Amino acid sequence: MENKNVGWLILGISAIIIGIIFLFKSALEQISASSCSMEAALCPMNKTIDQQTYLSLAIVGILVVIGLVLIFSKPKEKLVIKRIKEKVEIKRKPIDYTKLDKEEKPIIKALEKAQGTMFQSDLVEKTGFDKVKVTRILDRLEGKQIIERKRRGMTNVVVLK
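Numbering (this note's numbering), first residue to last: 44 to 204.
Here's what the structure looks like:
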(Lines of atoms letter the chains of each structure in order from A; the text may use other names.)
(Lines give C-alpha, C1' and ligand atoms only; values in the text may rest on other atoms or scores of the structure.)
Protein backbone atom coordinates (compact mmCIF):
# COMPACT_ATOMS: atom_id res chain seq x y z
CA MET A 44 0.00 0.00 0.00
CA GLU A 45 1.24 3.48 -0.75
CA ASN A 46 2.12 5.88 2.07
CA LYS A 47 -0.61 8.30 1.01
CA ASN A 48 -3.31 5.64 1.31
CA VAL A 49 -2.02 4.53 4.71
CA GLY A 50 -2.09 8.16 5.86
CA TRP A 51 -5.72 8.57 4.83
CA LEU A 52 -6.56 5.31 6.58
CA ILE A 53 -4.93 6.51 9.81
CA LEU A 54 -6.81 9.84 9.60
CA GLY A 55 -10.11 7.99 9.15
CA ILE A 56 -9.43 5.73 12.11
CA SER A 57 -8.43 8.79 14.16
CA ALA A 58 -11.74 10.51 13.36
CA ILE A 59 -13.65 7.41 14.47
CA ILE A 60 -11.64 7.24 17.70
CA ILE A 61 -12.35 10.94 18.41
CA GLY A 62 -16.09 10.27 18.03
CA ILE A 63 -15.84 7.29 20.39
CA ILE A 64 -13.90 9.38 22.95
CA PHE A 65 -16.62 12.06 23.06
CA LEU A 66 -19.36 9.41 23.30
CA PHE A 67 -17.60 7.85 26.29
CA LYS A 68 -17.05 11.28 27.85
CA SER A 69 -20.73 12.15 27.66
CA ALA A 70 -21.72 8.71 28.99
CA LEU A 71 -19.27 9.02 31.90
CA GLU A 72 -20.53 12.52 32.72
CA GLN A 73 -24.10 11.20 32.88
CA ILE A 74 -23.04 8.31 35.12
CA SER A 75 -21.01 10.58 37.42
CA ALA A 76 -23.89 13.10 37.64
CA SER A 77 -26.29 10.39 38.76
CA SER A 78 -23.90 8.61 41.14
CA CYS A 79 -21.95 11.51 42.68
CA SER A 80 -23.78 13.26 45.52
CA MET A 81 -21.60 16.41 45.37
CA GLU A 82 -21.86 19.32 42.98
CA ALA A 83 -20.44 18.76 39.48
CA ALA A 84 -17.55 21.20 40.05
CA LEU A 85 -16.48 19.52 43.29
CA CYS A 86 -16.96 15.89 42.23
CA PRO A 87 -13.58 14.13 41.76
CA MET A 88 -15.05 11.91 39.04
CA ASN A 89 -15.55 14.91 36.75
CA LYS A 90 -11.90 15.92 37.11
CA THR A 91 -10.68 12.43 36.15
CA ILE A 92 -13.06 12.36 33.17
CA ASP A 93 -11.48 15.54 31.82
CA GLN A 94 -7.94 14.24 32.39
CA GLN A 95 -8.73 10.97 30.60
CA THR A 96 -10.35 12.84 27.72
CA TYR A 97 -7.35 15.12 27.24
CA LEU A 98 -4.94 12.18 27.40
CA SER A 99 -6.99 10.27 24.81
CA LEU A 100 -7.18 13.30 22.52
CA ALA A 101 -3.40 13.79 22.79
CA ILE A 102 -2.82 10.19 21.68
CA VAL A 103 -5.24 10.65 18.78
CA GLY A 104 -3.45 13.91 17.93
CA ILE A 105 -0.21 11.95 17.55
CA LEU A 106 -2.03 9.56 15.20
CA VAL A 107 -3.34 12.51 13.17
CA VAL A 108 0.19 13.95 12.85
CA ILE A 109 1.52 10.56 11.69
CA GLY A 110 -1.31 10.33 9.14
CA LEU A 111 -0.59 13.82 7.81
CA VAL A 112 3.13 13.09 7.53
CA LEU A 113 2.37 9.95 5.53
CA ILE A 114 -0.04 11.81 3.25
CA PHE A 115 2.28 14.71 2.47
CA SER A 116 5.59 12.84 2.35
CA LYS A 117 7.07 12.34 -1.08
CA PRO A 118 7.16 8.77 -2.30
CA LYS A 119 10.56 7.29 -2.98
CA GLU A 120 11.58 7.57 -6.58
CA LYS A 121 11.56 4.37 -8.54
CA LEU A 122 14.62 3.53 -10.52
CA VAL A 123 13.78 2.91 -14.13
CA ILE A 124 16.16 0.61 -15.89
CA LYS A 125 15.79 0.33 -19.62
CA ARG A 126 17.18 -2.76 -21.22
CA ILE A 127 18.72 -2.46 -24.60
CA LYS A 128 17.44 -5.19 -26.84
CA GLU A 129 19.96 -4.62 -29.57
CA LYS A 130 22.80 -7.04 -29.62
CA VAL A 131 26.05 -5.21 -29.32
CA GLU A 132 28.70 -6.61 -31.58
CA ILE A 133 32.28 -5.95 -30.72
CA LYS A 134 34.19 -4.78 -33.75
CA ARG A 135 37.69 -6.14 -33.79
CA LYS A 136 40.32 -4.97 -36.14
CA PRO A 137 41.35 -7.68 -38.59
CA ILE A 138 44.45 -9.60 -37.60
CA ASP A 139 47.35 -9.52 -40.03
CA TYR A 140 48.45 -13.16 -40.25
CA THR A 141 51.62 -12.23 -42.11
CA LYS A 142 53.07 -10.68 -38.94
CA LEU A 143 52.40 -13.83 -36.88
CA ASP A 144 54.74 -16.77 -36.35
CA LYS A 145 53.69 -20.25 -37.41
CA GLU A 146 53.12 -21.10 -33.71
CA GLU A 147 50.91 -18.07 -33.10
CA LYS A 148 48.54 -18.70 -36.03
CA PRO A 149 46.83 -21.84 -34.61
CA ILE A 150 46.17 -20.07 -31.33
CA ILE A 151 44.59 -17.05 -33.06
CA LYS A 152 42.50 -19.34 -35.30
CA ALA A 153 41.27 -21.29 -32.26
CA LEU A 154 40.33 -18.03 -30.55
CA GLU A 155 38.46 -16.81 -33.63
CA LYS A 156 36.51 -20.09 -33.80
CA ALA A 157 35.54 -19.59 -30.14
CA GLN A 158 34.24 -16.07 -30.93
CA GLY A 159 37.28 -14.37 -29.43
CA THR A 160 37.18 -15.80 -25.90
CA MET A 161 38.59 -19.04 -24.54
CA PHE A 162 40.18 -20.47 -21.41
CA GLN A 163 43.93 -20.91 -21.60
CA SER A 164 43.58 -24.59 -20.63
CA ASP A 165 41.22 -25.11 -23.59
CA LEU A 166 43.81 -23.54 -25.88
CA VAL A 167 46.33 -26.13 -24.69
CA GLU A 168 43.89 -28.91 -25.64
CA LYS A 169 42.84 -27.42 -29.00
CA THR A 170 46.33 -26.61 -30.24
CA GLY A 171 48.16 -29.62 -28.82
CA PHE A 172 51.01 -27.43 -27.53
CA ASP A 173 52.47 -27.81 -24.03
CA LYS A 174 51.24 -25.50 -21.27
CA VAL A 175 54.57 -23.71 -21.11
CA LYS A 176 54.67 -23.20 -24.87
CA VAL A 177 51.12 -21.82 -24.93
CA THR A 178 51.97 -19.47 -22.06
CA ARG A 179 55.03 -18.15 -23.87
CA ILE A 180 53.12 -17.70 -27.14
CA LEU A 181 50.36 -15.86 -25.29
CA ASP A 182 52.99 -13.63 -23.66
CA ARG A 183 54.25 -12.66 -27.12
CA LEU A 184 50.73 -12.07 -28.44
CA GLU A 185 49.96 -9.95 -25.39
CA GLY A 186 53.11 -7.95 -26.07
CA LYS A 187 51.88 -7.35 -29.63
CA GLN A 188 48.51 -6.30 -28.14
CA ILE A 189 46.58 -8.89 -30.11
CA ILE A 190 45.16 -10.68 -27.08
CA GLU A 191 44.45 -9.98 -23.43
CA ARG A 192 44.55 -12.45 -20.53
CA LYS A 193 42.21 -12.11 -17.57
CA ARG A 194 42.58 -14.12 -14.39
CA ARG A 195 39.49 -16.22 -13.53
CA GLY A 196 40.08 -18.33 -10.45
CA MET A 197 42.79 -20.89 -11.16
CA THR A 198 42.83 -20.32 -14.94
CA ASN A 199 43.17 -17.48 -17.43
CA VAL A 200 40.61 -16.35 -19.96
CA VAL A 201 42.20 -15.32 -23.25
CA VAL A 202 40.35 -12.61 -25.18
CA LEU A 203 41.07 -11.22 -28.63
CA LYS A 204 41.38 -7.43 -28.61
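By construction, the Cβ of each residue, glycine as well, lies at the ideal position given by its N, Cα and C atoms.
All figures in this text were calculated on a predicted structure; none of them were measured in a lab.
Proximity below 8 Å, CB of residue i to CB of residue j
i    : j    : result
I74  : L113 : no
I63  : L100 : no
F162 : V200 : yes
Check: residue i C-beta below 7 Å from any heavy atom of the ligand SAH
i    : result
V200 : Annotation note on the ligand SAH: not contained in the displayed structure, which lists no ligands.
Residue i (DSSP reduced to helix, strand or coil)
i    : result
K152 : helix
F172 : coil
K193 : strand
L85  : coil
L143 : coil
Reference residue i, options the options, closest by Cα
i    : options               : result
L111 : E168, V177, I56, I189 : I56
D93  : I151, V201, G104, L71 : L71
I189 : G171, K169, K90, K142 : K142
I150 : G50, A84, D165        : D165
V202 : S116, T96, E155       : E155
R183 : A58, K148, T160       : K148
Assigned exposure category for residue i - 16 Cβ within 10 Å defines buried
i    : result
V108 : exposed
V177 : buried
M81  : exposed
L85  : exposed
I124 : exposed
L181 : buried
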